[in-house]
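Read left to right, the sequence shown gives residues 433 to 900 (my numbering). Where a beta carbon is used, it is the ideal one built from N, C-alpha and C, also for glycine. To keep things clear, I will list the structure first and then write my remarks on it.
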Amino acid sequence: MTADAGPTSVDATAGVDGTGDAGATRAEAAGTGGPADATRLRRLAVDTLDANWEHDHTVPSRTLYPHQWSWDSAFIAIGLAQVRPDRAWRELASLFRAQWADGRVPHIVFNPAIRVGAYFPGPEMWRSADVPGAPAVATSGLVQPPVHALAALLAYRRAPDPRGLAALRRLYPALVAQQRYLADRRDVAGDGLVCIVHPWESGLDNSPAWDEPMAAVPAEAAVMRAYRRHDTTHADAAHRPTDLDYARYLAIVAAYREHGYADRDLADGHPFLVECPLFNAAFGAAEHALAEIAALIGDDPGPHRARATRITEALLRRLHDPDTGTFQPRDLRTDRLVNARTVLGLTPLILPDLPTRQADALVVEARSARFGVARRMDRPLPTYDRTAPDFEPLRYWRGPSWLNIGWLVRRGLLTHGHPELAAGLRRSMIGLVAGAGCHEYFHPDTGAGLGSPSFGWTAALVLDLLAD
């Protein structure tokens with residue numbers, strides 16, 4: 433594996449125009465260097481992805497995450513398409529080979545070559561082999577945000593050749609089945625939105641958005657004495673979810689597993705049921721992407737466009753908070769919106785059919801002191817309101833900056849006509865990697881690298897940002 437880069441030699445006060453800007457962070461300034469800097473970053477990113485390649489997929493990290501993760505593979509495919517397009521298609525194909533018969537794409541596909549016990553919770557916790565319709569390979573029973581159709585479309589756009597088109601045509605039915613599973617099995621409230629059944633399905637595991645619904649999950653931190661957490665071996669415990677968080681995570685997994693991972697009757701007793709803005713924005717964006725894919729391969733895009741419209745309408749009806757102008761998760765157990773101001777609320781910007789009034793309100797939220805998106809950003813985009821009293825700059829999804837979320841928000845800003853803000857966010861994200869390397873996430877004030885070094889989607893998405 434390659435070592436992460438140290439601080440660059442680029443002057444910390446240098447701006448894109450060479451005039452200097454005292455408001456720019458060292459990290460952002462590092463990302464505004466010349467061609468040599470860009471070449472160095474590309475080499476670092478490619479070396480990271482090459483080091484993390486595992487015969488037919490990319491591991492997020494050789495230390496913390498030695499298996500295949502669902503939305504990681506989607507983001508990684510976007511970057512691989514810039515440099516290793518054949519691997520981009522192999523990445524997606526390997527993930528979808530583990531698709532369940534009901535259409536779900538599991539959030540973890542376990543590598544059988546990794547010894548049992550090397551990762552927690554491993555296949556022995558999930559027991560997918562006991563479930564009819566599960567694949568031959570061991571997987572989890574959860575899903576993650578369906579960013580895969582968008583990734584497939586972008587992978588083809590990055591490398592539009594006949595082999596890519598053939599790969600897109602092969603993948604299309606599996607992408608449709610993924611959407612069908614979510615629409616048919618996970619619309620618990622019958623309102624047109626997808627319900628997540630575990631915080632891990634949101635991708636933002638310990639976000640403050642889940643504090644209220646998680647507080648109702650019966651569990652004790654002492655439960656974790658019976659297990660060995662590997663994450664705190666490789667990362668500072670102060671940066672990771674707490675033992676109480678993990679006890680609740682395992683309680684939810686056990687409830688879903690004992691129900692056979694079946695989605696019928698979830699409303700009758702499953703301990704965590706939430707409609708997430710990010711997950712549903714990705715659900716809608718997937719239909720927009722599938723419409724474009726359908727047109728490319730000679731299929732009918734109309735049904736996808738119609739479903740995309742219905743999803744956006746449902747998201748506006750159910751998750752838009754007119755008091756804040758942002759989108760909030762809905763806890764189906766209480767039928768109330770969660771009031772934490774997290775970056776989840778900004779992600780519906782990726783929907784091209786989001787009405788102008790709501791899109792403009794999200795831009796106001798993004799530019800506020802809570803998130804600080806600007807033409808010249810003095811700090812990275814955080815994942816939680818940095819003005820909140822419980823903002824934690826070191827703890828996983830409770831404050832730190834992540835490239836995949838910034839990439840989504842930037843895409844939304846471009847979609848809704850804010851190229852200058854998108855450019856500021858791009859410079860900030862590239863600057864994070866230039867200053868600290870391909871870390872899992874970053875300190876939202878200083879830009880210091882946190883979590884796992886040599887992280888897959890960070891490397892992949894900085895390649896995409898550099899190429900754009």
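Please list, in chain order, all residues of the same chain as Asp785 whose beta carbon is under 7 Å from its beta carbon, the five residues on each side excluded.
Here residue 785 refers to the residue found at position 353 when the sequence shown is read from its first residue. Sequence-distant partners of Asp785 (beyond 5 residues in either direction) whose C-beta falls short of 7 Å from its own C-beta, in its chain, are Ala740, Thr741 and Thr744.
Could you tell me the boundaries of the alpha helix (DSSP H) in which Val491 lies?
Translated into the one-based positions of the sequence shown, residue 491 becomes position 59. Per DSSP, Val491 lies in no alpha helix (DSSP H) and is assigned neither H nor E.
Looking at C-beta atoms only, is the number of pairs between the segment 499-506 and the segment 523-539 that lie closer than 8 Å three or more?
Segments in contact, yes.
Ends of the alpha helix (DSSP H) at Phe528?
Locating residue 528 in the sequence shown gives position 96, counting from the first residue. Unbroken alpha helix (DSSP H) run through Phe528: Pro517 to Phe528.
Assess contact between the segment 788-803 and the segment 716-734, defined as three or more Cβ pairs (one per stretch) separated by less than 8 Å. Is contact present?
no
Which whole runs of the beta strand (DSSP E) in the segment 801-854 are 3 residues long or more, in chain order?
none
Gln760 and Leu751: beta carbons closer than 8 Å?
Here the question's residue 760 lines up with position 328 in the sequence shown. Here the question's residue 751 lines up with position 319 in the sequence shown. Against a cut-off of 8 Å, the Cβ pair of Leu751 and Gln760 comes out as a contact.
Taking Val537 as the reference, give the member of Ala606, Ile510, Ala483 and Tyr551 with the closest Cα.
To locate residue 537, count along the sequence shown from 1; it is residue 105. Closest option to Val537, Cα to Cα, is Ala606.
Rounded to whole angstroms, what is the Cα-Cα separation between Pro467 and Gly869?
Locating residue 467 in the sequence shown gives position 35, counting from the first residue. Locating residue 869 in the sequence shown gives position 437, counting from the first residue. If I take the Cα positions, the gap works out to 17 Å.
Tell me whether Arg689 sits in a helix, a strand or coil according to DSSP, three-state version.
Stepping through the sequence shown from its first residue, residue 689 is reached at position 257. The answer is helix: DSSP assigns Arg689 an H, G or I state.
Tell me the DSSP secondary structure of Gln610 in three-state form.
Taking the first residue of the sequence shown as position 1, residue 610 is located at position 178. In the structure shown, Gln610 sits in a helix (DSSP, three-state: H, G or I).
Cβ neighbours of Asp677 in the same chain (closer than 7 Å, five flanking residues each side left out):
The count along the sequence shown starts at 1 and reaches residue 677 at position 245. Correct list, in chain order: Asn638.
For Ala679, the nearest candidate out of Leu705, Ala647 and Gly692 (CA to CA):
Locating residue 679 in the sequence shown gives position 247, where the first residue counts as 1. It is Ala647.
Tell me whether Arg589 is buried or exposed, calling it buried when 16 or more other Cβ atoms sit within 10 Å of its Cβ.
On the sequence shown, residue 589 is found 157 positions in, with the first residue counted as 1. Its Cβ having fewer than 16 others within 10 Å, Arg589 is exposed.
Flag this pair as touching only if the segment 480-490 and the segment 548-557 have three or more C-beta atom pairs under 8 Å; answer yes or no.
no
Taking Gly596 as the reference, which of Leu512, Asn543 and Gln531 has the closest Cα?
On the sequence shown, position 164 is the one that residue 596 refers to. Among Leu512, Asn543 and Gln531, the Cα nearest to that of Gly596 is on Leu512.
Enumerate, from N- to C-terminal direction, the unbroken alpha helix (DSSP H) stretches of 4 or more residues contained entirely within the segment 564-647.
580-590, 594-617, 631-634 and 643-647
Going along the chain, which residues of its own chain have a beta-carbon closer than 7 Å to the beta-carbon of Met433, five neighbours each way excluded?
As a first step, residue 433 is located in the sequence shown; it is residue number 1 there, counting from the start. Model confidence at Met433 stands at a pLDDT of 38, short of 50, so the residue's coordinates are unreliable; what they give is reported in the following sentence. Counting only Cβ-Cβ distances below 7 Å, and skipping sequence neighbours, we find Ala483, Arg494 and Ser886.
Report the residue from Val795, Ser572 and Asn543 whose alpha carbon sits nearest the alpha carbon of Glu486.
Position 54 of the sequence shown, counted from the start, is the residue given in the question as residue 486. Nearest C-alpha to Glu486: Asn543.
Backbone secondary structure at Glu719 - three-state DSSP
Counting from one through the sequence shown, the residue named residue 719 turns up at place 287. The answer is helix: DSSP assigns Glu719 an H, G or I state.
Determine the contact status of His580 and Val541, defining contact as a CB-CB distance below 8 Å.
Position 148 of the sequence shown, counted from the first residue, corresponds to residue 580. Position 109 of the sequence shown, counted from the first residue, corresponds to residue 541. Cβ distance not < 8 Å, so His580 and Val541 don't count as in contact.
Using a threshold of 8 Å, state whether the C-beta atoms of Leu705 and Pro553 are closer than that.
As a first step, residue 705 must be located in the sequence shown, where it is residue number 273. As a first step, residue 553 must be located in the sequence shown, where it is residue number 121. Their beta carbons are not under 8 Å apart, which means Leu705 does not touch Pro553 by this criterion.
Return the first residue and the last residue of the alpha helix (DSSP H) that Asn484 is part of.
As a first step, residue 484 must be located in the sequence shown, where it is residue number 52. That run of the alpha helix (DSSP H) goes Pro467 to Asn484.
Bounding residues of the alpha helix (DSSP H) (the contiguous stretch that carries Leu747)
As a first step, residue 747 is located in the sequence shown; it is residue number 315 there, counting from the start. Per DSSP, Leu747 belongs to the alpha helix (DSSP H) from Gly734 to Leu751.
If you compare alpha carbons, which of Ala686, Tyr816 and Thr490 is closest to Ala641?
To locate residue 641, count along the sequence shown from 1; it is residue 209. Of the listed residues, the one whose Cα sits closest to Ala641 is Tyr816.
Nearest CA to the CA of Asp753: which residue from Arg737, Pro735, Pro780 and Arg765?
The residue given as residue 753 occupies position 321 in the sequence shown. Ranking the options by Cα distance to Asp753, first place goes to Pro780.
For Leu897 and Met861, believed in contact at Cβ under 8 Å, the rounded distance
The count along the sequence shown starts at 1 and reaches residue 861 at position 429. The count along the sequence shown starts at 1 and reaches residue 897 at position 465. Met861 to Leu897, Cβ: 6 Å. Contact.
Here's the rule: buried if 16 or more other CB atoms are within 10 angstroms of the residue's CB, otherwise exposed. What is Asn712?
Numbered from 1 along the sequence shown, position 280 holds the residue referred to as residue 712. By the 10 Å Cβ count, Asn712 comes out buried.
Leu763 classed as buried or exposed, judged by whether at least 16 other C-beta atoms fall within 10 angstroms:
If you number the sequence shown from 1, residue 763 lands on position 331. Note that residue 763 is Asp in the sequence shown, not Leu. Around the beta carbon of Asp763, a 10 Å sphere encloses 16 or more other beta carbons of the protein chains shown; the residue is thus reported as buried.
Alpha carbon to alpha carbon, how far is Val655 from Gly883? Give it in angstroms, no decimals.
Looking up residue 883 in the sequence shown gives position 451. Looking up residue 655 in the sequence shown gives position 223. Gly883 and Val655 have their C-alpha atoms some 25 Å from each other.
When we look at the beta-carbon of Thr471 and count the other beta-carbons within 10 Å, is it buried (16 or more) or exposed?
Within the sequence shown, numbered from 1, the residue matching residue 471 stands at position 39. It counts as exposed.
Going by other Cβ atoms of all chains shown within 10 Å of its Cβ, with 16 needed for buried, is Arg458 buried or exposed?
Locating residue 458 in the sequence shown gives position 26, where the first residue counts as 1. Low confidence applies to Arg458: its pLDDT is 44, below 50, so where it sits in the model is not reliable, and the reading given next is rough at best. It is buried - the Cβ of Arg458 has at least 16 other Cβ atoms within 10 Å.
If we ignore side chains and look at the alpha-carbon of each, how far apart do Gly635 and Glu644 end up?
Position 203 of the sequence shown holds residue 635. Position 212 of the sequence shown holds residue 644. The straight-line gap from Cα to Cα measures roughly 17 Å.
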